[in-house]
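Using UniProt numbering, you'd call the opening residue of the sequence shown number 1 and step up by one each time.
First the structure, in the form of structure tokens, and then the observations on it.
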Amino acid sequence: MDIASLRAQHPDHWKKACAIRVLTLDAVAAANSGHSGMPMGMADVATVLFEKHLNFDPSAPLWPNRDRFILSAGHGSMLIYSLLHLTGYKQATLDELKNFRQWGARTAGHPEYGHLEGVETTTGPLGQGISNAVGFAMAEESLRARWGAKVMDHYTYVIAGDGCLMEGVSQEAIGIAGKHELSRLIVLWDNNGITIDGKVSLSDVTDQKARFAASGWDVFECDGHDPVAIDAAITAAKASPRPAMIACATHIALGSSAQDTSKGHGALTDKQLIADTRAAYGWEHGPFEIPADVKAAWDAIGARGVATRREWEGRLAMLSAGKQAEFNRIFAGDAPAKLAAAVRGVKKAATEAPKKLATRSASEIALAAINPVMQETIGGSADLTGSNNTKTADLGVFDPINRKGRYVYWGIREHGMAAAMNGMVLHGGVRPYSGTFMCFTDYARPAMRLSALMQVPVVYVMTHDSIGLGEDGPTHQPVEHLAISRATPNTWVFRPADLVEVAEAWECAFSTNTTPTVMALSRQNLAPVRLTHTNQNLSAKGAYVLAESTGKRQVILIATGSEVEIAMKAREMLEAEGIGTRVVSMPCMELFAAQDEAYRKKVLPAGPVRVAIEAGVRMGWDRWLLGERGKETKADFVGMSGFGASAPADRLYKEFGITAENAVAKAKALL
1 MDIASLRAQH PDHWKKACAI RVLTLDAVAA ANSGHSGMPM GMADVATVLF EKHLNFDPSA
61 PLWPNRDRFI LSAGHGSMLI YSLLHLTGYK QATLDELKNF RQWGARTAGH PEYGHLEGVE
121 TTTGPLGQGI SNAVGFAMAE ESLRARWGAK VMDHYTYVIA GDGCLMEGVS QEAIGIAGKH
181 ELSRLIVLWD NNGITIDGKV SLSDVTDQKA RFAASGWDVF ECDGHDPVAI DAAITAAKAS
241 PRPAMIACAT HIALGSSAQD TSKGHGALTD KQLIADTRAA YGWEHGPFEI PADVKAAWDA
301 IGARGVATRR EWEGRLAMLS AGKQAEFNRI FAGDAPAKLA AAVRGVKKAA TEAPKKLATR
361 SASEIALAAI NPVMQETIGG SADLTGSNNT KTADLGVFDP INRKGRYVYW GIREHGMAAA
421 MNGMVLHGGV RPYSGTFMCF TDYARPAMRL SALMQVPVVY VMTHDSIGLG EDGPTHQPVE
481 HLAISRATPN TWVFRPADLV EVAEAWECAF STNTTPTVMA LSRQNLAPVR LTHTNQNLSA
541 KGAYVLAEST GKRQVILIAT GSEVEIAMKA REMLEAEGIG TRVVSMPCME LFAAQDEAYR
601 KKVLPAGPVR VAIEAGVRMG WDRWLLGERG KETKADFVGM SGFGASAPAD RLYKEFGITA
661 ENAVAKAKAL L
């Protein structure tokens, strides 16, 4: 359908959709940067979606039962910013649109969660939005099963482009969605055939419709500029018993001289091009000027959801006071009151009957106590359930038969798993954790980074955290992965030493609303190091004195995880020679760094020589070894400087010098 036909046959729709297009042109021109083409091409689809299908209420942006709209093709951010402004979201002011991509603006270059109400997730890294959406839809299914359709019953809509579908994570995501028959998930594919380099055919021949169908989706298609066809396709997709993809045939940069070209993907800022495009649209108004009748029509679309939201609030009010409080708690992300008691019980039992235990097994014990009192948890593993120890007896399995199940078999999809967990948290009402091997943080990294950027408290259970995994060899032995995880801002990396520290780490992870956690856990059994019970969560301080010197303190040994017991052995050897030695367990560097300077100095005072022991690379340790001013003491490191090898764990520790004897030798050499 050409522009003249659209204007003639659907004049009211055309004006509403063109408001999106001209706001995009104006904002990109003002910023002199951005991506004009996608919003111009998908404006018709978005208009029909918001006007006729999406349940939302701009006056209550966090209404739990709203439909979720996710712009996976986040470079086209002016599409969502225009929609939010036009429908009446208070934060999406015209001034914000005029400040597009500028310092301090809510309208960042790509949509950022937490910056602007109505933006459900941070997108821009292609493929993340569609993968987050799978988590949104899984959370909705889970909550609907547990709370009933009167409380939770909504759709998740995604606009995705060719770039999203080329990214490998998209296949992981659509495979998960197809397996779980997520019928409330609808993807609107902007099928314009153009990428930055040129035509899609330069780099891809994939039949996307066949691909989705082969992955268990129902597939529909429409002319992405015909509002009647778009409406019919969305209506059919909503009735589908499976996830649905709608192939929307569109023209990128519709109506401009850059239409259907790679130039149309980026910033269209040429004054003549903009003037000619506005003329083609029949738009006679100035920059950022929306005529009153068009704005009123959009305001009416935004106001439509008020009654639906109020009706839902009435249904929620029919629940008992206790159930309402519980619903509000899980959507606030607050930990249950019973969490602390459950953790204390695990710690007390561990000190009363200490035994050697791999920290991955300790994690299972802790979760077995936590999951029953924290019903919002959803666990999982990327095909390593028996190795990650993430499944506890009470969870049941989430699948199309049992939506109340709280354990997900993600398959070999680390990236898709991590991205979907982000979506689960962003949806609200659930607390996901899932596992893989520590070295496969590499496969999950882009989504883990977005967890940190968005401040969502996903828990990544990363077992087999060192050369201690043994015979599988260097391909599976992480050496740099602790450093990489610690280098990521707003991430807690816990490497607990025994069951007590593991339980404390889980309490921390489930008590924050703003920080993701990487739980680095051992394959091999470790000797317990916390032998006296205390209600206080010592791991919450990041580091603490585990064992004090008996005489004059000359050495401080700092260790994490599986190397804490090595530090304790080294202390015993040094003390036997009359060298006073303190052992500091440092399960979480980030939390230690967050303590006040007085506490940090108390744990790591200047003077004694320091030796850190960790079966990873040294990067990140110098702050604690050399002192925060870099000159407080002499120091050395016992750890890895290269990759591991294939052999039993004990032999590897000996060959790489991660031993009590080597720690003693390095400490004595510094004295």
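Glycine included, C-beta positions come from ideal geometry on N, C-alpha and C.
Values in this document were obtained by computation on a predicted structure and should not be read as measured data.
Next item on the list: Quickly, what does DSSP pair MET245 with across the bridge? List them, please.
Entry: Looking at the DSSP assignment, MET245 forms a beta bridge with VAL187, VAL219.
Next item on the list: Check whether the segment 567-576 touches the segment 649-665, taking contact to mean three or more Cβ pairs, one atom from each stretch, closer than 8 Å.
Entry: Segments in contact, yes.
Next item on the list: Tell me PRO432's beta-bridge partners as DSSP assigns them.
Entry: In DSSP, PRO432 forms a bridge with ILE378.
Check: Tell me the DSSP bridge mates of THR156?
Finding: ARG68, LEU185, per the DSSP bridge assignment.
Next item on the list: Check the DSSP bridge columns for THR463 and list the partner residues they point to.
Entry: Answer is PHE437, bridged to THR463.
Checklist line | Minimum Cβ-Cβ distance from GLN554 to chain D less than 8 Å | finding: Protein chain content of the structure displayed is limited to a single chain, and chain D is not contained in it.
Next item on the list: Can you tell me which of the three DSSP states LYS52 falls into?
Entry: The answer is helix: DSSP assigns LYS52 an H, G or I state.
Item checked: Straight-line gap, GLY255 to ALA280 (C-alpha atoms, nearest Å) -> A straight-line Cα-Cα distance of about 6 Å links GLY255 and ALA280.
Notebook entry, point to check: Where does TRP492 fall in DSSP's three states?
Noted result: Strand, per DSSP.
Notebook entry, point to check: Over what stretch of residues does the alpha helix (DSSP H) that includes GLY616 continue unbroken?
Noted result: Segment: none, GLY616 is in no alpha helix (DSSP H) and carries neither H nor E.
Notebook entry, point to check: Are GLY135 and MET421 touching if we call contact CB-CB under 8 Å?
Noted result: Cβ distance < 8 Å, so GLY135 and MET421 count as in contact.
Notebook entry, point to check: Hey, how far is the Cα of PRO528 from the Cα of GLY470?
Noted result: If I take the Cα positions, the gap works out to 21 Å.
Next item on the list: Apply the 10 Å Cβ neighbour rule to SER646 and answer buried if 16 or more other Cβ atoms are within range, or exposed otherwise.
Entry: With fewer than 16 other Cβ atoms within 10 Å, it is exposed.
Note to self: Can you look up ILE412 in the DSSP assignment and give me helix, strand or coil?
What the structure shows: The DSSP-derived three-state label of ILE412 is coil.
Check: Can you tell which of LEU384, ASP394, ALA92, ARG315 has the C-alpha that lies nearest to the C-alpha of MET417?
Finding: Restricting attention to LEU384, ASP394, ALA92, ARG315, the CA atom closest to the CA of MET417 is found in LEU384.
Checklist line | DSSP beta-bridge partners of SER585 | finding: Per DSSP, the beta bridge partners of SER585 are TYR544, ALA559.
Next item on the list: Taking only the alpha-carbon atoms, compute the straight-line gap between VAL373 and ASP636 and give it to the nearest angstrom.
Entry: Cα to Cα, the separation comes out at about 44 Å.
Checklist line | C-beta atoms of PRO227 and LEU185 nearer than 8 Å | finding: Not a contact, by the Cβ cut-off of 8 Å.
Margin query: For PHE637, report the span of its beta strand (DSSP E) as first-last.
Written below: Note, PHE637: beta strand (DSSP E), 635-638.
Checklist line | Residues near PHE643 by beta carbon distance below 8 Å, same chain, minus five either side | finding: Closer than 8 Å at the Cβ level, and outside the excluded window around PHE643, lie PRO474, GLN477, VAL479.
Check: Can you check whether the CB of ASN132 is closer than 8 Å to the CB of ILE70?
Finding: Going by C-beta atoms, ILE70 is nearer than 8 Å to ASN132.
Notebook entry, point to check: Since LEU54 contacts LEU84 with CB under 8 Å, what's their CB separation in whole angstroms?
Noted result: Contact between LEU54 and LEU84 is absent: CB atoms are separated by about 12 Å, not below the 8 Å threshold.
Margin query: Going by DSSP, what residue range makes up the alpha helix (DSSP H) through VAL343?
Written below: Counted as a single uninterrupted DSSP element, the alpha helix (DSSP H) harbouring VAL343 occupies residues 338-352.
Note to self: Considering Cα atoms alone, identify which of LEU126, PRO58, TRP283, LYS90 is closest to SER77.
What the structure shows: Looking at LEU126, PRO58, TRP283, LYS90, the one whose alpha-carbon comes closest to that of SER77 is LEU126.
Next item on the list: Using a threshold of 8 Å, state whether the C-beta atoms of ASP153 and ASN65 are closer than that.
Entry: In this structure, ASN65 lies closer than 8 Å to ASP153 by Cβ.
Item checked: Reference ALA335, options THR359, ARG309, TRP283, CYS508, closest by Cα -> That would be CYS508, whose Cα lies nearest to the Cα of ALA335.
Check: In whole angstroms, what is the alpha-carbon distance linking THR463 and GLY657?
Finding: If you take the alpha carbons of THR463 and GLY657, they lie about 22 Å apart.
Margin query: Let me check understanding here. Comparing Cα to Cα, which of SER539, THR156, LEU453 lies closest to ASN513?
Written below: Of the listed residues, the one whose Cα sits closest to ASN513 is LEU453.
Next item on the list: May I ask which residues mark the beginning and end of the alpha helix (DSSP H) holding THR235?
Entry: Segment 227-238, the alpha helix (DSSP H) holding THR235.
Item checked: Inter-residue Cα distance where the pair is GLY468 and THR359 -> Distance between GLY468 and THR359, taken at the CA atoms: about 12 Å.
Next item on the list: List the whole-angstrom C-beta distance separating LYS634 from LEU591, where the pair is believed to meet the contact cut-off of C-beta under 8 Å.
Entry: About 26 Å separates the two Cβ atoms, so there is no contact after all.
Margin query: Beta-carbon within less than 6 Å of ARG553's beta-carbon, same chain only, minus the 5 sequence neighbours each way: which residues are those?
Written below: Result list for ARG553: GLY580, ARG582, PRO608, in chain order.
Margin query: Excluding the 5 residues flanking ARG486 on each side, which residues of the same chain have their C-beta closer than 8 Å to its C-beta?
Written below: Exclusion of the five residues before and after ARG486 leaves VAL493, MET589, GLU590, GLY620 as the residues of its chain whose Cβ lies within less than 8 Å of its Cβ.
Notebook entry, point to check: According to the neighbour-count rule (16 or more other Cβ atoms, all chains shown, within 10 Å of its Cβ), is LEU62 buried or exposed?
Noted result: Flag for LEU62 reads exposed.
Note to self: Mapping the DSSP letters down to three states, classify LYS631 as helix, strand or coil.
What the structure shows: LYS631 carries a coil assignment under DSSP once its states are collapsed to helix, strand and coil.
Check: Which term fits ARG406, buried or exposed, when burial requires 16 or more other beta carbons within 10 angstroms of its beta carbon?
Finding: Taking every protein chain shown into account, the CB of ARG406 has 16 or more other CB atoms within 10 angstroms, so this residue is buried.
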